[in-house]
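**Student:** For the sequence shown, the working numbering begins at 7 and goes up steadily by one.
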Amino acid sequence: LTAAMVVNVQTGAITKIGSHPKYEYQPVYSPGLNAVAYLSPRGPGPISVLNVFVTSAGSERDDTANLDADVVQAAFAKNGLLLLAPHAVTNGLFFKPAAAPARRLDLSDLTPFAFSVARNGAIAFVASRTSLPPEVYVTSIDGAAPKRLTFANRYFERFRYGRSEELTWTASDGERSDGVLTYPVSYVAGRQYPLVLRIHGGPEAFSSAAFSGLRQLWANRG
Numbered sequence: 007l008t009a010a011m012v013v014n015v016q017t018g019a020i021t022k023i024g025s026h027p028k029y030e031y032q033p034v035y036s037p038g039l040n041a042v043a044y045l046s047p048r049g050p051g052p053i054s055v056l057n058v059f060v061t062s063a064g065s066e067r068d069d070t071a072n073l074d075a076d077v078v079q080a081a082f083a084k085n086g087l088l089l090l091a092p093h094a095v096t097n098g099l100f101f102k103p104a105a106a107p108a109r110r111l112d113l114s115d116l117t118p119f120a121f122s123v124a125r126n127g128a129i130a131f132v133a134s135r136t137s138l139p140p141e142v143y144v145t146s147i148d149g150a151a152p153k154r155l156t157f158a159n160r161y162f163e164r165f166r167y168g169r170s171e172e173l174t175w176t177a178s179d180g181e182r183s184d185g186v187l188t189y190p191v192s193y194v195a196g197r198q199y200p201l202v203l204r205i206h207g208g209p210e211a212f213s214s215a216a217f218s219g220l221r222q223l224w225a226n227r228g
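1. Going by CA-CA distance only, name the one from Gln-198, Val-194, Arg-197, Leu-187 that's closest to Ile-205.
2. Can you tell me the Cα-Cα spacing of Val-12 and Ile-20, whole angstroms?
3. Count the CB pairs spanning the region 89-102 and the region 46-54 that are closer than 8 angstroms, and state whether there are at least three.
4. According to DSSP, is Gly-196 helix, strand or coil?
5. Would you check if there are 3 or more beta carbon pairs closer than 8 angstroms linking the region 146-158 to the region 124-131?
6. Could you work out which residue in Pro-118, Lys-84, Leu-113 is closest to Ala-105 when comparing CA atoms only?
7. Under 8 angstroms by Cβ, that's how I've got Leu-45 and Ala-80 pegged, so tell me the actual separation to the nearest angstrom.
8. For a test of the three-state rule: what should DSSP assign to Gly-98, helix, strand or coil?
9. If I follow the unbroken alpha helix (DSSP H) through Ala-225, where does it start and stop?
10. Under a Cβ-count criterion, where at least 16 other Cβ atoms within 10 Å of its own Cβ denotes burial, should Val-42 be classed as buried or exposed?
11. From the DSSP output, in three-state form, read off Arg-166 for me.
12. Look up Asn-72 in the DSSP assignment and give the residues it is bridged to.
13. Pairing CB atoms from the region 189-205 with CB atoms from the region 218-228, are three or more of them under 8 angstroms?
14. By the 10 Å Cβ neighbour count, where 16 or more other Cβ atoms means buried, how is Gly-38 classified, buried or exposed?
15. Near Tyr-29, which residues of its chain fall below 7 angstroms by C-beta distance, leaving aside the five closest residues on each side in sequence?
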């Protein structure tokens, strides 16, 4: 049932890291190897918001107890933790200092999927936008504007893409819901167009403003 363990390669001894009996994911060491962070559900079961727990010298703390986000990746960063978590219809990178609330990094209209962080605070991450497939970018914990490093999908910049925007509404149970509406490429206000609904599963899946080839194919076909 997935628990975080440390294995001594010389003796074969296995030591459990966290305090949870199950559902512990993605353990990562701190740079000094004196702490381990891992993800575990906040609620009683696996379908719940994932928090980041840090264990060191026999003690453990929930480092994201006050962050209303479902963390999908965490890593130790300069004097804190770097987190990847959904935020409305995008993903966000959050920096959580050791003794302060988490703050979201400004990535403009980019939706990140994965990241790697250096000891000096430099962050490399893979991200896309509604009109551009994924590329590698670099930023920093200090808030530097993202800089694009790769142009692997430059070919796709020649095409026209439908404009996308976030939609929000109130569900039957009173909860706020959101989704992404993409307009036909040659959209004219006031004219009627066919509407395609792309229904995803849940409760953990969500509609994303990231690049979607299928969504843009439909938009190009009106």
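In this text, a Cβ means the ideal position worked out from N, Cα and C, and glycines have one as well. Please read these numbers as outputs of a predicted model, since none were measured by experiment.
**Tutor:** Concretely, from the data shown:
1. Here residue 205 is taken as the residue at index 199 of the sequence shown, counted from 1. For Ile-205, the nearest C-alpha among the options comes from Leu-187.
2. For this step, residue 12 is matched to residue 6 along the sequence shown. For this step, residue 20 is matched to residue 14 along the sequence shown. Cα to Cα, Val-12 sits roughly 6 angstroms from Ile-20.
3. no
4. As a position in the sequence shown, residue 196 is number 190, starting the count at 1. In the structure shown, Gly-196 sits in coil (DSSP, three-state: anything other than H, G, I, E or B).
5. yes
6. Position 99 of the sequence shown, counted from the first residue, corresponds to residue 105. Residue Lys-84 is the option with its Cα nearest to Ala-105.
7. The residue labelled residue 45 in the question sits at position 39 within the sequence shown. The residue labelled residue 80 in the question sits at position 74 within the sequence shown. About 6 angstroms separates the two Cβ atoms, so the contact holds.
8. In the sequence shown, residue 98 corresponds to position 92, counting from 1. Strand at Gly-98.
9. Within the sequence shown, numbered from 1, the residue matching residue 225 stands at position 219. Looking at the DSSP string, the run of the alpha helix (DSSP H) that includes Ala-225 is 219-226.
10. The sequence position of residue 42 within the sequence shown is 36, counting from 1. So Val-42 ends up on the buried side.
11. The sequence position of residue 166 within the sequence shown is 160, counting from 1. Three-state DSSP puts Arg-166 in coil, outside helix and strand.
12. Walking along the sequence shown from the start, residue 72 turns up at place 66. Asn-72 is not bridged to any residue.
13. yes
14. As a first step, residue 38 must be located in the sequence shown, where it is residue number 32. Under this definition Gly-38 is an exposed residue.
15. What you label residue 29 is simply residue 23 of the sequence shown in a count that begins at 1. Excluding residues within five positions, the ones whose Cβ falls inside 7 angstroms are Leu-7, Thr-8, Ser-46, Pro-47, Pro-52.
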